[in-house]
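So the sequences go chain by chain: A and B.
Each residue of the first sequence is one higher than the one before, starting from 447 at the first, in this note's numbering.
Each residue of the second sequence is one higher than the one before, starting from 447 at the first, in this note's numbering.
There are 2 protein chains.
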Amino acid sequence: MDPRRLLVFREVARAGSLTAAARALGWTQPAVSQHLAALERSVGLPLVLRGPTGTSLTEAGEVLLRRADAVAAELHAAEEELASLAQLRAGRVRLHCFPSAAATLVPEAVRALATSHPGISVGLVEAEPPEALAAVGAGDADLALVFGYDAEPVGLGSLVWRPLLTEPVHLVLPPAGTVSSLDELAGADWIGGCERCRVHLVDCCREAGFEPALRHETDDYVVVQNLVARGLGVTALPESALTAYRHPEVRVLEEPALGHRVVGVAHRPGADQVPATAALLRELVTVVGGG
Amino acid sequence: MDPRRLLVFREVARAGSLTAAARALGWTQPAVSQHLAALERSVGLPLVLRGPTGTSLTEAGEVLLRRADAVAAELHAAEEELASLAQLRAGRVRLHCFPSAAATLVPEAVRALATSHPGISVGLVEAEPPEALAAVGAGDADLALVFGYDAEPVGLGSLVWRPLLTEPVHLVLPPAGTVSSLDELAGADWIGGCERCRVHLVDCCREAGFEPALRHETDDYVVVQNLVARGLGVTALPESALTAYRHPEVRVLEEPALGHRVVGVAHRPGADQVPATAALLRELVTVVGGG
DNA sequence: CGGACCCATAAGCCACACTTGGGTCATGGA
DNA sequence: TCCATGACCCAAGTGTGGCTTATGGGTCCG
Numbered sequence: 447m448d449p450r451r452l453l454v455f456r457e458v459a460r461a462g463s464l465t466a467a468a469r470a471l472g473w474t475q476p477a478v479s480q481h482l483a484a485l486e487r488s489v490g491l492p493l494v495l496r497g498p499t500g501t502s503l504t505e506a507g508e509v510l511l512r513r514a515d516a517v518a519a520e521l522h523a524a525e526e527e528l529a530s531l532a533q534l535r536a537g538r539v540r541l542h543c544f545p546s547a548a549a550t551l552v553p554e555a556v557r558a559l560a561t562s563h564p565g566i567s568v569g570l571v572e573a574e575p576p577e578a579l580a581a582v583g584a585g586d587a588d589l590a591l592v593f594g595y596d597a598e599p600v601g602l603g604s605l606v607w608r609p610l611l612t613e614p615v616h617l618v619l620p621p622a623g624t625v626s627s628l629d630e631l632a633g634a635d636w637i638g639g640c641e642r643c644r645v646h647l648v649d650c651c652r653e654a655g656f657e658p659a660l661r662h663e664t665d666d667y668v669v670v671q672n673l674v675a676r677g678l679g680v681t682a683l684p685e686s687a688l689t690a691y692r693h694p695e696v697r698v699l700e701e702p703a704l705g706h707r708v709v710g711v712a713h714r715p716g717a718d719q720v721p722a723t724a725a726l727l728r729e730l731v732t733v734v735g736g737g
Numbered sequence: 447m448d449p450r451r452l453l454v455f456r457e458v459a460r461a462g463s464l465t466a467a468a469r470a471l472g473w474t475q476p477a478v479s480q481h482l483a484a485l486e487r488s489v490g491l492p493l494v495l496r497g498p499t500g501t502s503l504t505e506a507g508e509v510l511l512r513r514a515d516a517v518a519a520e521l522h523a524a525e526e527e528l529a530s531l532a533q534l535r536a537g538r539v540r541l542h543c544f545p546s547a548a549a550t551l552v553p554e555a556v557r558a559l560a561t562s563h564p565g566i567s568v569g570l571v572e573a574e575p576p577e578a579l580a581a582v583g584a585g586d587a588d589l590a591l592v593f594g595y596d597a598e599p600v601g602l603g604s605l606v607w608r609p610l611l612t613e614p615v616h617l618v619l620p621p622a623g624t625v626s627s628l629d630e631l632a633g634a635d636w637i638g639g640c641e642r643c644r645v646h647l648v649d650c651c652r653e654a655g656f657e658p659a660l661r662h663e664t665d666d667y668v669v670v671q672n673l674v675a676r677g678l679g680v681t682a683l684p685e686s687a688l689t690a691y692r693h694p695e696v697r698v699l700e701e702p703a704l705g706h707r708v709v710g711v712a713h714r715p716g717a718d719q720v721p722a723t724a725a726l727l728r729e730l731v732t733v734v735g736g737g
């Protein structure tokens, strides 16, 4: 049973005649007649009795009309719901992001979205880049706010990568000292951050000619700076971590050899066409400063 | 939003990929791709995210899928209901018929229908021919069992007329007497039946050269025969009324001058294609004796 | 790096579906 | 009675939507 013909039948029942239904549909009368005849042929029952003064429904027609009304109601409701999503009156966007982004960039963007479009619900999950990317790939999240060192993050798979900002990585040193570059820290005690940061740090040190001795490990940039301030070691931190929190006693040194951290979002292809996702993306771009 | 495309989308969501949906539909992959693209264009939102390993639904897709499932369920239920009607497992037929038909012909036919198709409910209303025809014309009944004298009943309008039987009208006389034809009854007291029977009787008498004196009026053929048996008058009755009930003391005389009564059914054009109506029609034809 | 699996796009072609035109039937007014 | 109106159906012409074939891009896996 062709549902389009069902709706034509419904219009006939509503209008009370084939001609009137045709007018309502913007068609000619034979078009309606043919549709109705085809529908009746397909169900094997007359649905409408044609009289000179108009039409009346058979029992089968009355039964079918109730179903047709239900179908039309579903279609109408579907259009309403989709319009709400399209106009950002409703919707959901799930963002997985790494900890230091959650501290600064993300709250601003989410706040802006909540203000401009209160119907959108934002789901926020703190996750390291590999887990965030996996969640997006599995459909458990819409956006992954992730980073890579001097390159796109690994494990993107078929996801689309959109860089947001590139920031330098700085040396973080105790207040007292005369060190001014990486290669002077071959013998220092090092504090490692998250796994990926650690790997990058080790890579940079090897490039500089030594193997760093990792004494402590924490991915909390506040803890790290406290450790450094007490003279328990040295470390490297990306600029945004130092913007989010800067211990007053640590010494920060620009060191090009530590490279850059690239921060951006990843999403499934086409997901940036989903209004709620696109809206949050726009806000993130705005927060980091323009297009 | 084209509901056929909605069902294509539903199949995509169910199958998990465009290619699999195409297989299920017996189409090629581009056909599904085009339908889905058209649907997404019409709603202005992506519904399905295409990945190399298959597809996943967007939020809009999930919303729409629920509606599509509801639509599909309605369509399926409609087909079930219509199949019940087509196979006479369910249905309704409303018959309006004149009194003496209700006494004999109709009970047999209804009984036969109830036995062979217990799911069919028959609604029976006793009504004089003009009212019965009006009810059918107004859609308040499916069949009108009516009669006319020597012709189709008047007031058929656009209804279809199907004669069932033709029966002679006989003279009904008191047991004692020597009368043997109509023209000998110019001076008799007459008993009139229903309005239409009375009109026919008067016409026949005038044809025979006199104006009948109508002393009594009743449309009950049992009452009529009792009046005649007591010698209170004479009358004319169609054969079936005498078959239904025959007072042992009245004398029945064949009188060609009284003409014939034609009994048949009327229905709206096309109504004989409605299974329940057609079934009762068949039973009526069977009861009166064949095709 | 080639093969297998997704998908999208372009071009071709058929058939469906809508239009046009003509005809029947019943109703209503002059 | 005659015509006008409005209902429907039927038949034939035509345009376009929609399916197919063919091709190419992309990811994942061996």
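Glycine included, every Cβ here is placed at the ideal spot set by N, Cα and C.
Keep in mind that this is a model prediction, so the values were computed, not measured.
Using a Cβ-Cβ cut-off of less than 8 Å, give me the residues of the stretch 517 to 535 of chain A that come near chain B, in sequence order.
Val517, Glu520, Leu521, Ala523, Ala524, Glu525, Glu527, Leu528, Leu531, Ala532
Three-state class that DSSP yields for B/Pro449 in the structure shown:
helix
Contact check, B/Trp636 vs B/Gly679, beta carbons under 9 Å
yes
Checking contacts by CB at 9 Å: is A/Ala634 closer than that to chain B?
no
Enumerate, from N- to C-terminal direction, the unbroken alpha helix (DSSP H) stretches of 4 or more residues contained entirely within the stretch 542 to 599 of chain A.
545 to 549, 551 to 562, 575 to 584
In chain order, what residues of the same chain have a beta carbon less than 7 Å from the beta carbon of B/Val458, not counting five sequence neighbours either side?
Leu464, Ala467, Val478, Leu482, Val494, Thr501
Runs of 4 residues minimum, wholly inside the stretch 473 to 546 of chain B: which ones carry the alpha helix (DSSP H) assignment?
475 to 489, 505 to 532
Cβ closer than 7 Å: which chain B residues qualify as neighbours of A/Gly585?
Ser502
Quick one: residues in its chain with C-beta nearer than 6 Å to the C-beta of A/Leu660, no 5 flanking neighbours on either side, listed in chain order?
Trp636, Gly638
Assigned secondary structure, B/Ala459 (DSSP; H/G/I helix, E/B strand, else coil)
helix
So the candidates are A/Ala532, A/Arg652, A/Glu729, A/Leu610; which of them puts its Cα closest to the Cα of B/Arg487?
A/Ala532
Those residues which DSSP pairs with B/Pro609 across a bridge:
B/Gly710
Beta carbon of B/Cys543 nearer than 9 Å to that of B/Val592
yes
What are the partner residues of B/Ala724, as DSSP defines its beta bridges?
Paired residue(s): none; B/Ala724 is not in a bridge.
With a 10 Å radius around its C-beta and 16 neighbouring C-beta atoms as the bar for buried, classify B/Gly737 as buried or exposed.
With a pLDDT of 49 at B/Gly737, under the threshold of 50, the modelled position of that residue is not reliable, and the figure given next carries that caveat. So B/Gly737 ends up on the exposed side.
Is there a C-beta anywhere in chain A that falls below 9 Å from the one on B/Arg456?
no
Return yes when the C-beta of A/Gly638 is under 8 Å from any heavy atom of the ligand PLP, and no when it is not.
What this structure holds is no ligand at all, so the ligand PLP is not there to describe.
Spatial neighbours of B/Arg540 within its chain, please: CB distance less than 6 Å, with the 5 preceding and 5 following residues excluded, ordered by chain position.
Gly569, Ala587, Asp588
Note down, in chain order, every chain A residue with its Cβ under 9 Å from the Cβ of B/Ser546.
Those within 9 Å of B/Ser546 in chain A number zero; the least Cβ separation is about 29 Å.
Could you please give the first and the last residue of the uninterrupted alpha helix (DSSP H) stretch that includes B/Glu700?
Premise fails: B/Glu700 lies in the beta strand (DSSP E), 697 to 700, not in any alpha helix (DSSP H).
Terminal residues of the continuous alpha helix (DSSP H) containing B/Glu630?
Neither: B/Glu630 is in no alpha helix (DSSP H) and is coded neither H nor E.
Are the C-beta atoms of A/Pro564 and some chain B residue less than 9 Å apart?
no
Could you tell me whether the stretch 593 to 611 of chain A touches the stretch 626 to 634 of chain A, where touching means 3 or more Cβ pairs closer than 8 Å?
no
Any idea what DSSP makes of A/Arg676, helix, strand or coil?
coil
So, with DSSP's three-state summary, where would you put A/Val734?
coil
According to DSSP, is B/Ala659 helix, strand or coil?
strand
Compile a chain-ordered list of the residues in the stretch 691 to 718 of chain A whose CB is closer than 8 Å to at least one CB of chain B.
Arg714, Pro715, Gly716, Ala717
Are the CB atoms of B/Arg451 and B/Leu485 within a distance shorter than 9 Å?
yes
Extent of the continuous beta strand (DSSP E) run through A/Thr465:
That residue, A/Thr465, is in no beta strand (DSSP E); its alpha helix (DSSP H) goes 464 to 471.
According to the Cβ coordinates, are A/Val674 and A/Pro620 closer than 9 Å?
yes
When the cut-off is 9 Å and only beta carbons count, does A/Pro621 lie next to chain B?
no
Residue from B/Gly507, B/Met447, B/Ala547 whose Cα sits closest to the Cα of B/Ala690
B/Ala547
Excluding the 5 residues flanking A/Val489 on each side, which residues of the same chain have their C-beta closer than 8 Å to its C-beta?
Met447, Ala506, Leu510
Under DSSP, the beta strand (DSSP E) around B/Leu683 begins and ends at which residues?
681 to 684
Among residues of its own chain, excluding the 5 on either side of A/Val454, which ones have a beta-carbon nearer than 8 Å to its beta-carbon?
Ala467, Leu471, Val478, His481, Leu482, Leu485
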